[in-house]
Amino acid sequence: MRLPRSIRITSRLLAGACLMAMSSHAHAAPAPLAPAASASASAATAAAHAGMLTASVPLPAPLSLPDAGQALRITYLSTNGVTGTGLVPVTAEVILPPGPPPAGGWPIVAWAHGTVGVSDHCAPSSNPWTERNRHYLGAWMKRGFAIVGTDYQGLGTPGGHAYLNTRVEAYSVLDGVRAALASVPGLQNRIMIVGQSQGGGAAFASAAFAPAYAPELDIRGTVATGAPYITAGLIRQMLAAPTAPGASYNPLVVYLLYLAQGQASYQAGFRPEDVFTPKAIPAYDAAASLCVSELTDRVKRDRLNLGNALQPGFATALAPALAAMEYPTLKLAQPLFMGTGELDRDVPPPLQLGLVKAACAAGTVVQAHVYKGLDHSQTVNASLPDSAVFTQAVMAGRPVAPQCTPMPE
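Mind the numbering: the sequence shown is residues -28 to -1, 1 to 381 in mature numbering (1 follows the signal peptide of the UniProt record, and there is no 0), read in order.
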């Protein structure tokens, strides 16, 4: 059974707090893309469609993964996730393992990244991987998977980035895989959707939208770490809780700033002063250009928290963005792996286990793990051995052991 709509919407807002963990990439200037010969040759005779490649360039070695094979930065068309109609360009990186592909081609990890910002220069495919994610995705590549990592609509391409919009995330992820399969030799249509933190939520959303939006994709399972969900009681606790002793700011303000910037990109007449106090308006303005680490520093410097940054009617003013955060369903067609750190302070375990409980209740096959003594970031790579067993099973079509009430291990 699904939780009430208001709970699910608010859970996506609070999901932004999980992005406080390391962003997927450092920040550098994006490289221009050249038209892809194969795409430009066919564009004259074929109608534009979601998943169509429009440009491709080699990905510079510093932006790729260690010991990788071919690496590309591609541009493709995706359905506009804000409106649900029309096509928009989106960028992604495609990284193949070294050597010749196996019979049938490399299976794919569709990677969903965490918060980086809303400005084009924050786009993940234009920046190097963090050490944590380099190790994590390098391990997936060593398992024999190619990596297809979208930037999401509006990051590195024209138009604003509708931050935390589940449909935007899902369409970008799924159409990136379509584009890679249609244009990059050596890939096969056998897919794992993988994400961490906000990307864990994006991975869940992609699996939820896929049966209706991209039924031709052979998705075998979803792996998410640090992905949140909450109950009505936890909502009340978190919104009523005072700023922690010794804390000079609340990280949730960072994500509300990005959320408002995203809504402003598609809602004519949006008034930030209906959301934020005069004290927070300068940080709102800065959020348009600052990537996540820099904006976090700004929020710290301005000592912003929910009490001094938000207007009483902020939720009403942000209603369109809040509604766009809802998952379309909690019942996934394929099994879900969930990894949670026992000592996660970015997304407290009750939030993540709330998603486990809700997905299990909806009928999703969930295998959940809680990692004893580990925090939000440490859990990413610590989960690799368990996700390897899970992945081997779902890729082979074997059942996985469900676990809806995990204990620390």
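Every residue gets a Cβ at the ideal spot worked out from N, C-alpha and C, and that includes glycine.
Boundaries (first-last residue) of the beta strand (DSSP E) holding residue i
| i | result |
| --- | --- |
| T47 | 43 to 51 |
| V81 | 78 to 84 |
| F309 | 308 to 313 |
| V343 | Position check: residue 343 holds Tyr in this sequence, whereas Val was assumed. Segment 338 to 343, the beta strand (DSSP E) holding Y343. |
Contact check, residue i vs residue j, beta carbons under 8 Å
| i | j | result |
| --- | --- | --- |
| L25 | A151 | yes |
| D123 | R162 | no |
| L315 | D358 | no |
| L59 | Q42 | no |
| G172 | F362 | no |
| V372 | V328 | no |
| A330 | R139 | no |
| P292 | V342 | no |
| F181 | L159 | no |
| Y230 | Y299 | no |
| P378 | A340 | yes |
Which listed residue (the options) has its alpha carbon closest to that of residue i
| i | options | result |
| --- | --- | --- |
| P96 | T51, G121, A179 | G121 |
| residue 388 | Q283, Y221, L315 | The question about residue 388 has no answer here: the residues shown for the chain are numbered -28 through 381. |
| Y256 | A240, G241, D274 | D274 |
| S237 | M379, Y48, G126 | G126 |
| G148 | A334, Y343, P254, Y48 | Y48 |
| G198 | P183, A175, Y185, P187 | A175 |
| G311 | P300, G279, A354, L294 | A354 |
| T63 | M113, M164, G234, G128 | G128 |
| Q170 | V156, P200, A180, T194 | P200 |
| A334 | F309, P320, L304, K344 | L304 |
| Q375 | A360, M367, F309 | F309 |
| G56 | I80, Y185, Q160, P223 | Y185 |
| M164 | A154, Y299, V90, M113 | M113 |
| G132 | L159, L146, I80, P61 | P61 |
Short CB-CB distance (under 8 Å) between residue i and chain B
| i | result |
| --- | --- |
| D269 | Although the question refers to chain B, the structure presented lacks it and comprises just one protein chain. |
Residue range of the unbroken alpha helix (DSSP H) whose run includes residue i
| i | result |
| --- | --- |
| W112 | 103 to 114 |
| R243 | Run containing R243: none; DSSP gives neither H nor E here. |
| Y143 | 138 to 155 |
| Y124 | Taken as a continuous stretch (DSSP letters only), Y124 belongs to no alpha helix (DSSP H), as it is neither H nor E. |
| Q170 | 170 to 185 |
| T363 | 356 to 367 |
| T288 | 286 to 289 |
| S265 | 264 to 273 |
| P322 | 321 to 334 |
| G234 | 224 to 236 |
Cutoff 6 Å; reference residue i; Cβ partners in own chain excluding five residues on either side
| i | result |
| --- | --- |
| A11 | Legend: pLDDT at A11 = 48, less than 50; position of this residue unreliable, value from coordinates given subsequently. Correct list, in chain order: L25, T26. |
| T51 | A22, Y143 |
| R370 | none |
Whole-Å CB distance - residue i paired with residue j, under 8 Å assumed
| i | j | result |
| --- | --- | --- |
| residue 386 | L290 | The structure shown has nothing for residue 386, since the chain only spans -28 to 381. |
| A260 | Q233 | 6 Å |
| V166 | W101 | Contact flag wrong, Cβ pair sits at about 14 Å. |
| A278 | N222 | Sequence check: residue 278 is Leu here, not Ala. Contact flag correct, Cβ pair sits at about 5 Å. |
| N137 | G241 | Not really, about 19 Å apart at Cβ, beyond 8 Å. |
| S178 | E141 | 7 Å |
| V156 | V271 | 40 Å between Cβ atoms; not a contact. |
| V81 | I46 | Actually they are not in contact, since the Cβ atoms of V81 and I46 sit about 16 Å apart, beyond 8 Å. |
Neighbourhood of residue i by C-beta distance below 7 Å, restricted to the same chain and skipping five residues each side
| i | result |
| --- | --- |
| A281 | V225, F248, T249, K251, A252 |
| C94 | H(-2), V88, L127, C263 |
| P38 | R106, G110 |
| V352 | R104, Y108, Q168, T197 |
Residue i beta carbon near the ligand MN (any heavy atom closer than 7 Å)
| i | result |
| --- | --- |
| A199 | No copy of the ligand MN appears in this structure; indeed no ligand is present at all. |
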